[in-house]
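Report on the structure given below.
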Amino acid sequence: MAKKHVAVLMGGISAERPVSLSSGKACADALEAEGYPVTRVDVGHNIGAVLAELRPDVAFNALHGPYGEDGKIQGVLEYLQIPYTHSGVLASSLAMNKKLAKRIAAAAGIPVAESRVMDRHAIGSKHPLKPPYVVKPVSEGSSFGVVIVKEDQAHPPQRLSASDWPYGDIVMVERYVHGREFTCAVMGDVALGVCEIQPTGHGFYDYDAKYAPGGSKHEIPAKLSPNIYQTIQKLSLKAHQAMGCRGVSRSDFRYDDRFSENGEVIWLEVNTQPGMTPTSLVPEIALEAGHSFGELLSWMVEDASCSR
0 MAKKHVAVLM GGISAERPVS LSSGKACADA LEAEGYPVTR VDVGHNIGAV
50 LAELRPDVAF NALHGPYGED GKIQGVLEYL QIPYTHSGVL ASSLAMNKKL
100 AKRIAAAAGI PVAESRVMDR HAIGSKHPLK PPYVVKPVSE GSSFGVVIVK
150 EDQAHPPQRL SASDWPYGDI VMVERYVHGR EFTCAVMGDV ALGVCEIQPT
200 GHGFYDYDAK YAPGGSKHEI PAKLSPNIYQ TIQKLSLKAH QAMGCRGVSR
250 SDFRYDDRFS ENGEVIWLEV NTQPGMTPTS LVPEIALEAG HSFGELLSWM
300 VEDASCSR
């Protein structure tokens, strides 16, 4: 039986274009090795016309950032009735909006850090929360625009009011959660292993720590007590389901055990378009669970559908 013709969507027009090109190449190469006919599509504003002419059996979405993981490309694919990987329009849009995602997570009983959403210009010279806290653009990925305000910082960072700030005016100000950073992948309706992320030479898991070779160390499976390990798995699956995610997702957490044996597990976000670069987390987590990179991608292609 002939294998499905897969269009790997990569590149795009967001600031995460370089990462998407890397993810897309890795996925296209691996799918070809699995025997799939693959067309590599560098996504631009004419993507609707390109796909209408190409008519692939499946669109593998390797895009990152705005237009790729916020429901927009998913809407184009729904309109064209081309089955696609990852989450659908609504889940993608909700997960990309940090304010709405946290509201849904909290309603589902998932522990989140205290936060407020505000215009960056309204922050002014007074701290909007007691330091330490984190300021995040509400609709960016890959830690773009994240600012950490430390306990001894007298005023909010001036860059938040800069005229050349490129990440939009609405930001989330969130309590900084001390401790270790963990992530857990979900594949379908199964939570895979938990990975500890240890940034190398970085204060936190920023863009360079995510994508530069050697930018971080990944410990899989994470060294945690069984109850905390299982708690992170359960919360990851709960977030995946509460947001309405499909295919593969990845939830990020902080774990602070400074004051008690069980500590505090805090959910940060769910990523509906996890990176698929050589340094990405989901392929490593899947491999530890017994799924090779090619097997993982094949599963995603066969899982693809519309009305997700």
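Position 204, counted from 1, in the sequence shown is what numbering that gives the first Met the number 0 calls 203; the numbers after and before it change by one each time, with no gaps.
Even for Gly, the Cβ is constructed at its ideal location relative to N, Cα and C.
Fair warning: this is a prediction, and the values are worked out from it, not measured in the lab.
Excluding the five sequence neighbours on either side, which residues of its own chain have a C-beta within less than 7 Å of the C-beta of residue i, listed in chain order?
i, result
"I103", "L93, A241, M242"
"H177", "D255, R257"
"H120", "S160, D168"
"V37", "V5, V7, A27, L30, E31"
"Y204", "Per-residue confidence for Y204 stands at a pLDDT of 46, beneath the threshold of 50, marking its modelled position as unreliable; no derived number is given."
"Q152", "P130"
"I219", "G192, C194, E283, I284, E287"
"A25", "M275, T276, P277"
I'd like to confirm the pairing. Which residues does DSSP put opposite residue i in its beta bridges?
i, result
"N45", "Beta-bridge pairing links N45 to no other residue."
"K135", "M171"
"E263", "D255"
"V145", "BP columns for V145 are empty, so no partner."
"Y83", "A58, S304"
"A39", "According to the sequence as given, residue 39 is Arg; it is not Ala. Per DSSP, V7."
"Y268", "Going by the sequence as given, residue 268 is Glu instead of Tyr. Looking at the DSSP assignment, E268 forms a beta bridge with D251."
Considering Cα atoms alone, identify which of the options is closest to residue i.
i, options, result
"L267", "P165, V111, C305", "V111"
"V40", "P55, K125, P225", "P55"
"N45", "I12, E31, P36, V57", "I12"
"F292", "A14, E33, K2, K3", "E33"
"A312", "V37, L62, A48", "Only positions 0 to 307 of the chain appear in this structure, which leaves residue 312 out of reach."
"K216", "S86, H4, T278, K71", "T278"
"T199", "E180, N96, M186", "E180"
"E260", "Y66, T276, I227", "I227"
"P155", "P136, D302, P165, P131", "P131"
"D302", "A25, F59, P273", "F59"
"Q272", "V185, G262, A221", "V185"
"P127", "E294, G43, R115, P220", "R115"
"K135", "V281, N96, L296, T230", "N96"
"E150", "T230, V133, S235, Y66", "V133"
"R249", "G67, W164, S86", "S86"
"G64", "V137, C305, Y78, E173", "V137"
"D118", "W164, Y83, G187, L53", "W164"
"G23", "A48, T84, K71, S235", "T84"
"K2", "R307, I265, V300, S306", "V300"
"R253", "I231, L236, A238, H239", "I231"
"V247", "E263, K222, R307", "R307"
"L295", "C305, V18, A238, G187", "G187"
Which same chain residues end up closer than 6 Å to residue i when comparing Cβ atoms and leaving out the 5 residues on each side of it in sequence?
i, result
"D251", "T182, L267, E268"
"M0", "none"
"I122", "P155, L159"
Just reading off the alpha helix (DSSP H) that residue i is part of, what are its end residues?
i, result
"M9", "Unbroken run through M9 is the beta strand (DSSP E), 5–9; no alpha helix (DSSP H)."
"M95", "88–95"
"G246", "Here G246 belongs to no alpha helix (DSSP H), and DSSP marks it neither H nor E."
"V18", "16–32"
"V281", "280–287"
Give me, in chain order, the residues of the same chain whose beta-carbon lies closer than 8 Å to that of residue i; leave out the 5 immediate sequence neighbours on both sides.
i, result
"K233", "A190"
"L20", "M9, G10, D41"
"A100", "L93, A94, M242, E268, V269"
Between which two residues does the beta strand (DSSP E) holding residue i run?
i, result
"S114", "114–118"
Give a yes or no on whether the minimum CB-CB distance between residue i and chain C is below 8 Å.
i, result
"H217", "Judged by its chain identifiers, the structure shown contains no chain C, having just a single protein chain."
*Output the residue ranges of the alpha helix (DSSP H) runs that lie fully inside the region 161–243 and measure 4 residues or longer, sorted by chain position.*
206–210, 225–242
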